[in-house]
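As structure tokens, the structure follows; a few thoughts come after it.
Right under this line is the structure:
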């Protein structure tokens, strides 16, 4: 029997940011039916030590046919469809539990990397055809997003073989950038040309983009 | 008698781009009433030789109390409220008539620069409060946008004294970036890390931003 | 009698940075003879309240035929030859005395802007011919560099009429970026894609660039 | 018997660029002795079809104890020490033979990725201590550099087991950026804010950086 649900996960807010579009997209799509399949949207803790167990439990419980994990890439102006997760952690900031992994493998016994099973190129082409800026990417970074992608692909391999699974990085939402600007201005600590990249994308367009990602993945 | 209308101008498409959000915003707001004042939205030619006469004619005819000229700043991730126009032209690309001014004053007899009479700081603060990324800027560049701002401020000075006038740079819209990406991919001429900055902002948010700009300017 | 010396000024370090290439260039060129003219290299305080008096005193004392003021533009990858100074201050960080001017004119009675009298276009062309990345710029920002440029051009106007004067922004030096990276890593406060732009240029190339700037300016 | 030489490879110029710092560094270090070991500097063709055979032949012939492959990352402001090569090719421009691989594995039977055996973290720390901007990276891209890194690590695995091997991306040299700017200006096709990132690093600093990379790698 093929897996039925499509699972979308989003991290909770981290790095001192009040919101995380990844979480909002997962919650917005929870329960929606796309081409006859129900979407399960779940929020994951921004915790290096908890995310592996959390995603393994979700995959084991739902046995999804499609798994799209979402995370924020601050400053990125478009959707980024990740091709590969690397067995390595090197954080620049701490996670929500204060864990600051500087240089370690995610799984000493695991493969060097795991390849997304999502149809990455077709997703990018479909998004661009729909007028949504998107690109493929060959790194999910070395923080929680990459760790989740690595562990999620491992979980799918054993618990939901054949599922289309991967990771999509999303931009800030505009209100988040506006808040960040007010915060930076109040602090008067950084010069504008030294500030975070401040690109953003409207939440509804981000949700449409993930919807298209799910549709293309299911059809693949 | 004080001028009544609020005038919003937007350039037509240029630089080989199919559309220009500035034009779309001006057309979208044309005829709208904001706090009891009607907005006149007009499209201006992307022509160095025609823009001065065109804006002088509009200002003379409408005697606006508020004038907001709009132009696209490719790659800019947010609204940019310009503080000053500089009496200088130095183009990097030709205008729609093939004019490529490399290094010349806009008006040999004019002042070195003209200061926007819009309440720039209040506009930026209001936009950020509304969750719209925005910043003030001290250069409108040295292409058509700066030239229009310079001539528009000169026209207001003589034909609509006391009017709140200035220039707002707007980002790409997302569909424009998606088209640009498909075009660049087809050409295979540039590497991604060499490509245009590809930030964008949804058209409806850009329209809201200009609406807020007009409201704050009229109240100033 | 024409002014004799060529004056180069550089700001002292500011913004918590240990060094400032602008200061180092001014000191390196002090006393050097270029095409028969002696260069006076002077360091200026990173103080909004002191810089005007300091530059007026220097210009009055030396009556330079060429005045090139230097300042750091963090993250800028090349020399930036400024075309214009704007009568406005809007700081993002405080100066070395804690002054944080948010939105004020530099001189309520002064012109909106002052145009550099340096041969900007010729300087850029000469630098590029010498293999040194450089561009002209239409904003010196709204912090101390712009304020100094504005007041320096005013001082030249009355105390050294006919002098070629203006402002050149310089990049970080590499060691400065390396220190900044170590500092940011130690703080673990920012993600790399949120960090300062980290471009730099070797100090000796920056010195050569200013030498070329002086030579071209004197010959103009 | 341990391998004796340290091998440094650099790609020849590609993408229509006249020079490639990677090639110049390899040639500059050829024959130099570092801590008692001779460096062999070799230039590789910018050809997708030839690079695998070329690097396998070099590794088989020299059995290096350290292998550092070099390539240009246009716009990158610092040294980038790559952690991993991914079994995938997706070109944005053609190689020197007109090959334009859009989406294919490098080796259908090979592992998803290969991890650099260079001491990446120690190299970055040493470079920063020496005042040279550098960072680790988790993607070598999807063009020739990544392909070479993948095949080089495979060759070392079988032909020089235990060798410290990996890839270092280098920035433009300043003269290259100056040429690029003159070329873009002549073409008048792109606006500055749309141009390639234009960061660069002096060639001698790049050579020092690779020297430090070799020294740290040999000592590891």
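Chains as they are written, first to last, in my numbering: chain A, 1 to 220; chain B, 1001 to 1220; chain C, 2001 to 2220; chain D, 3001 to 3220. Idealized CB from N, CA, C, for every residue including glycine. Computed from a predicted structure; not experimentally measured.
- In the three-state DSSP reduction, residue 1198/B falls in the coil class, being neither helix nor strand.
- Put simply, the backbone Cα of residue 1050/B is about 17 angstroms away from that of residue 1104/B.
- Close partners of residue 100/A in chain C (Cβ separation under 9 angstroms): 2188.
- Between the segment 2206 to 2220 of chain C and the segment 3008 to 3026 of chain D, the count of Cβ pairs shorter than 8 angstroms is below three; the stretches do not touch.
- In the DSSP assignment, residue 2050/C falls within the unbroken alpha helix (DSSP H) covering 2048 to 2062.
- Taking a Cβ-Cβ cut-off of 7 angstroms, the neighbours of residue 2200/C in chain D comprise 3077, 3133, given in sequence order.
- With a cutoff of 9 angstroms on beta-carbon distance, residue 1116/B and residue 1082/B are scored as near each other.
- Under the 9 angstroms criterion on CB atoms, residue 2096/C is classed as non-interfacial with respect to chain B.
- The C-alpha of residue 3030/D is placed about 51 angstroms away from the C-alpha of residue 13/A.
- Taking 8 angstroms as the upper bound for CB-CB distance, residue 3147/D and residue 3048/D are in contact here, some 6 angstroms apart.
- The count of Cβ pairs closer than 8 angstroms, one atom from the segment 172 to 181 of chain A and one from the segment 1125 to 1140 of chain B, reaches three, so the stretches are in contact.
- Considered as a whole, the segment 2144 to 2213 of chain C harbours 2144 to 2159, 2174 to 2187 as its complete alpha helix (DSSP H) runs of no fewer than 4 residues, in chain order.
- Closest in C-alpha terms to residue 1024/B, from the list 1136/B, 1127/B, 1161/B, 1072/B, comes 1072/B.
- Check the Cα spacing between residue 3121/D and each of 3138/D, 3109/D, 3110/D: the tightest is with 3138/D.
- The three-state secondary structure of residue 2128/C, taken from DSSP, is helix.
- Burial of residue 92/A is indicated by the presence of at least 16 other C-beta atoms within 10 angstroms of its C-beta.
- Between the C-alpha atoms of residue 1043/B and residue 1009/B there is a straight-line separation of about 6 angstroms.
- Restricting attention to 2109/C, 2069/C, 2060/C, the CA atom closest to the CA of residue 2118/C is found in 2069/C.
- Taking 9 angstroms as the threshold, the shortest C-beta distance from residue 104/A to chain B does not fall below it.
- Distance between residue 114/A and residue 1168/B, taken at the CA atoms: about 46 angstroms.
- It is roughly 54 angstroms from the alpha-carbon of residue 145/A to the alpha-carbon of residue 2154/C.
- Interface annotation for the segment 1173 to 1187 of chain B against chain A: 1174, 1175, 1177, 1178, 1181, 1182, criterion Cβ-Cβ distance under 7 angstroms.
- With 16 or more neighbouring CB atoms inside 10 Å of its own CB, residue 1213/B falls in the buried class.
- Residues of chain B whose Cβ lies closer than 8 angstroms to the Cβ of residue 205/A are, in chain order, 1174, 1202.
- Residue environment for residue 1033/B: exposed (fewer than 16 other C-beta atoms within 10 angstroms of its C-beta).
- Residue range 1021 to 1029 is occupied by the alpha helix (DSSP H) that includes residue 1025/B.
- Shown here, residue 2216/C sits in a helix according to DSSP, grouped into three states.
- Pairing residue 3149/D with residue 3090/D gives a Cβ-Cβ distance that is not under 9 angstroms.
- Here residue 3122/D carries a helix assignment [DSSP, helix/strand/coil].
- Here residue 99/A carries a coil assignment [DSSP, helix/strand/coil].
- At a cut-off of 9 angstroms, the C-beta of residue 1082/B has no neighbouring C-beta in chain D.
- Shown here for residue 1151/B: same chain residues with a beta carbon closer than 6 angstroms to its own, the five before and five after excluded, namely 1052, 1055 in chain order.
- The straight-line gap separating the alpha-carbon atoms of residue 1198/B and residue 2218/C is approximately 42 angstroms.
- With its beta carbon less than 9 angstroms from one in chain A, residue 1127/B belongs to the interface.
- Around the Cβ of residue 3080/D, a 10 Å sphere holds 16 or more other Cβ atoms; the residue is buried.
- Looking at the backbone, the Cα of residue 3183/D and that of residue 87/A are separated by about 42 angstroms.
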